[in-house]
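A quick write-up on the structure given underneath.
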Amino acid sequence: MATTEADVLGRYERRLTEKYRFGLHVIIDHMSCLVSLFHRAQTELKSLEALAQKKLPQMLPFLNLVHDKINVVTQATPLFLGYDHLLAYIKILQQEKQSFDPRPQPWNALRLYDTDYQDQFATKVDVFTTLTQELDVHVREFHVQVERHASLLQLLSQKREVTLSLYPELTLHKMTLSNYPPQPTQLGHARHT
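Just so you know, we're using our numbering here: the sequence shown kicks off at 5 and counts up by one.
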């Protein structure tokens, strides 16, 4: 059975598409996990803020910082899955993740909790400690996957740059075409449709 050039190219394109899909699926899964983690952190933060305002005001600066850092990280989430975009995001995550850790905080080290609310505070602080540890693991795994699929992500970046570089030319071409009067063949075609 002889294979044509088109058959070979078709198989190659299908394999490439599968590789793209798998690579992007892994990256998107990791980003979804990170977004979910930050959403959980915000939910816990709200309940902890209400408790801290009543019983442990010295915790509020930490909670405000965490709130600000969650906003920074959320706003830094890239909308385009290019290699450089993802590396910049990972760098921000690595810089900011220590801000979420309640363990080195003085109010935690000194156990300044109100005795009536000690269990509630301890539980909430443990949740943040766990979230910090999960974030640490996710960021490391995410970085590994970005490096594993670096060639695909760089290819996507190149394709995006080419598309963006062609956009002004396409816009100019479209504007030029719209300035010409319609051709008689186009008018005849429009009447028949």
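Ideal Cβ positions, reconstructed from N, Cα and C, are used throughout, including at glycine. Everything numeric in this text was worked out from a predicted model, so none of it was measured.
Whose C-beta lies closer than 6 Å to the C-beta of residue i among residues of the same chain, with five residues either side of it excluded?
i	result
His147	Ile94
Only counting the same chain, and skipping five residues up and downstream in sequence, which positions put a Cβ closer than 8 Å to that of residue i?
i	result
Lys101	Thr136, Leu139, Asp140 and Val143
For residue i, does the count of other Cβ atoms within 10 angstroms reach 16, so buried, or fall short, so exposed?
i	result
Pro65	exposed
Lys58	exposed
His43	exposed
Met5	Its pLDDT being 49, under 50, Met5 is placed unreliably in this model, and the value from its coordinates should be taken loosely. Exposed: under 16 other Cβ atoms inside 10 Å.
Ala45	buried
Leu83	exposed
Compute the distance between the beta-carbons of residue i and residue j, then report whether it is under 8 Å.
i	j	result
Leu41	Leu67	no
Leu97	Val150	no
Leu69	Ser36	no
Provide the residue span of the alpha helix (DSSP H) that contains residue i, from first to last.
i	result
Gln124	Gln122 to Arg152
By Cβ distance below 7 Å, which residues in the same chain neighbour residue i in space, the five residues on each side in sequence not counted?
i	result
Gln124	Leu55
Arg107	Thr133
Leu85	Leu28, Ile31, Leu157 and Leu160
Lys73	Glu100, Ser103 and Phe104
His71	Leu49
Quick check: is the beta carbon of residue i nearer than 8 Å to any beta carbon in chain D?
i	result
Val77	You won't find chain D in this structure, because it holds only one protein chain.
Check your understanding: Going along the chain, which unbroken runs of the alpha helix (DSSP H) with 4 or more residues stay wholly within the stretch 33 to 90?
Key -> Counting only runs of 4 or more residues that sit fully inside the stretch 33 to 90, the alpha helix (DSSP H) segments are 64 to 80, in chain order.
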